[in-house]
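Enquirer:
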Amino acid sequence: MRGAQGLPPINFEHLISITDDTGIFQHCLGRVPAREHGYTTDDASRALVVVVREIERRPFPEGIRLATTLLSFVLHAQRFDGWFRNFLSFDRRWLDEGGSEDCYGRALWALAKCSTSERLDPGLKFAATEALKDALPWAPRLRSVRGRALALIGLCVLLEGGHGEGQAVEALEGLANSLVEDFRKFSSGDWRWFEGILTYANARMVQALYCAYKLTGRRRYLEVAEEAGDFLWEVTFDGERFVPIGNRGWYPRGGKRALWAQQPLEAGCAVEAEVEGFKVTGKSEHLERARVALQWFLGRNMLGQPLYDPETGACHDGLEPHEVNRNCGAEATISCLASLQAMSGLPSFAPSGKTL
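So the number in this note's numbering is just where the residue sits in the sequence shown, counting from 1, plus 1401.
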């Protein structure tokens, strides 16, 4: 079912079904949670952001229960020093002592979203704000490019919501400047990127700099976001459809780009980055790119097969060379829901049908 603007319903049924009273299951066999793979802070943080967005977007009866469960998971993942563990087994044993910088950045983003939401229960906002106090000192120490980008988005959410002056402002400027420095370091000739390889969640760096520009007005952030975004689009648009970098080999500078497997995370990041680009520049090309990237989920892809099922809200895990991956895990489903939310927030787009 499609609305007048072509967007399917934003359906949270599958996300609800793969979330128990501990957290959200990382993987599924088909649409059935694979308990042996347990949970991750990565996915709890991602899910928390889209759940809070949905609470802000419409009446969402399941929203507070989901937000409470997911926030509780993120708080439990936080160590006494403010860093975060990532992998939790089904029997609730932590499998690592500390997660990646990506995990930290996603958790910071989720906590910032909770802390600043005007529609969230005050008790949840208080808990998120307390956790942020311990998490924020880590932000200036980040080294990985995606960890910095994710944390930068979180800091922008925090500051745009009127929270986190001082320490957060300094951290934001440091992270944004470091991304600009990386771009200048690695860019030359026809390679205009933040590192010497295109891998996963590529558009997050572009999105982060758009967010930083919106908050600070510093032109260098916008200029790098535009140049890097143009380069990424040149690589991932074949003239007809969005073709994300495959995860079996990626795309090293001077090498051959991998076509498979194609992951929903890439399309989701592209949609969110281009929507942010449209919001700060008003350029229609960003809106068109976002629309094309979203359509990857809906069947405008190399296999001509949809990944998102609007009847259940489940999204398949990716495209293989000859078939759709039939599993519907957390990352894929959240990526599609986030894309639909981003597009539905624009004047020209609105989801259709009932939502759960």
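Just so it is clear, CB atoms sit at the ideal spot from N, CA and C, and this is done for glycine as well.
#1: Which residues in the same chain as GLY1700 place their Cβ atom closer than 7 Å to its Cβ, once the five residues preceding and following it in sequence are excluded?
#2: For PRO1653, list the residues DSSP reports as bridge partners.
#3: Start and end of the alpha helix (DSSP H) containing ARG1642?
#4: Report yes or no: do the segment 1652-1659 and the segment 1610-1621 share at least 3 C-beta pairs separated by less than 8 Å?
#5: Assign ILE1425 to one of three DSSP states: helix, strand, or coil.
#6: Any idea if LYS1586 is buried or exposed, counting beta-carbon neighbours within 10 angstroms, 16 or more meaning buried?
#7: With a Cβ-Cβ cutoff of 8 Å, do LEU1512 and VAL1475 count as a contact?
#8: Shortest alpha-carbon distance to PHE1584 belongs to which of LEU1747, ALA1572, VAL1546 and PRO1645?
#9: Looking at the strands, I want to know which residues DSSP matches up with SER1725.
#10: Between ALA1478, PHE1638 and LYS1514, which lies nearest to LEU1560 when the distance is taken from Cα to Cα?
#11: May I have the straight-line CA-CA distance separating GLU1596 from LEU1467, to the nearest angstrom?
#12: As a quick exercise: from GLU1721, TYR1611 and ARG1727, pick the residue whose alpha carbon is nearest that of ALA1715.
#13: Does DSSP classify GLN1706 as helix, strand or coil?
#14: Using 8 Å as the cut-off, can you tell me whether the segment 1521-1530 makes contact with the segment 1539-1556, which would need three or more C-beta pairs spanning the two stretches below that distance?
#15: Are MET1703 and VAL1636 touching if we call contact CB-CB under 8 Å?
#16: Going by other Cβ atoms of all chains shown within 10 Å of its Cβ, with 16 needed for buried, is GLY1719 buried or exposed?
#17: Could you give the distance in angstroms between the alpha-carbon of VAL1725 and the alpha-carbon of GLN1696?
#18: Determine the burial state of SER1446: buried for a count of at least 16 other Cβ atoms within 10 Å of its Cβ, exposed for fewer.
#19: Is it true that the CB of GLY1506 sits closer than 8 Å to the CB of ASN1487?
#20: What is the rounded straight-line gap between the Cα of VAL1450 and the Cα of TRP1510?
#21: Do ILE1417 and GLU1455 have their C-beta atoms within less than 8 Å of each other?
#22: Let me check understanding here. Comparing Cα to Cα, which of LEU1576, GLY1439, THR1469 and VAL1681 lies closest to LEU1747?
#23: The alpha helix (DSSP H) that contains GLN1568, what's its start and end?
#24: Return no unless some Cβ of chain D is closer than 8 Å to the Cβ of ASN1603.
#25: What residue ranges within the segment 1497-1544 form continuous alpha helix (DSSP H) runs of no fewer than 4 residues, ordered along the chain?
#26: Distance, Cα to Cα, HIS1438 vs LEU1533?
#27: Give the DSSP bridge partners of GLN1663, in chain order.
#28: Identify which residue in SER1736, ARG1458, GLU1627 and HIS1428 has its Cα closest to the Cα of GLN1664.
#29: How about ALA1577 and TYR1611: do their beta carbons lie closer than 8 Å?
#30: Using a Cβ-Cβ cutoff of less than 8 Å, which residues in the same chain neighbour LEU1757 once the five nearest sequence positions on both sides are dropped?
#31: Just to confirm, are ARG1520 and GLU1566 a CB contact at a threshold of 8 Å?
#32: Which residues mark the beginning and the end of the alpha helix (DSSP H) in which GLU1561 is found?
#33: Do ALA1550 and ARG1593 have their C-beta atoms within less than 8 Å of each other?
#34: Excluding five sequence neighbours on each side, which residues of the same chain lie with their C-beta closer than 8 Å to the C-beta of ARG1642?
Expert: The relevant details are as follows:
#1: GLN1706 and PRO1707
#2: ILE1598
#3: Taken as a continuous stretch (DSSP letters only), ARG1642 belongs to no alpha helix (DSSP H), as it is neither H nor E.
#4: no
#5: strand
#6: exposed
#7: yes
#8: VAL1546
#9: In the sequence as displayed, the identity of residue 1725 is Val instead of Ser. Bridge partners of VAL1725: LEU1720.
#10: LYS1514
#11: 37 Å
#12: ARG1727
#13: coil
#14: no
#15: no
#16: buried
#17: 15 Å
#18: buried
#19: no
#20: 8 Å
#21: no
#22: VAL1681
#23: 1568-1587
#24: The structure shown contains no chain D; it holds only a single protein chain.
#25: 1502-1517 and 1523-1536
#26: 28 Å
#27: LEU1720
#28: SER1736
#29: no
#30: With a pLDDT of 45 at LEU1757, under the threshold of 50, the modelled position of this residue cannot be trusted, and the question is left open.
#31: no
#32: 1546-1561
#33: no
#34: VAL1693, GLN1696, TRP1697, ARG1701, ASN1702 and MET1703
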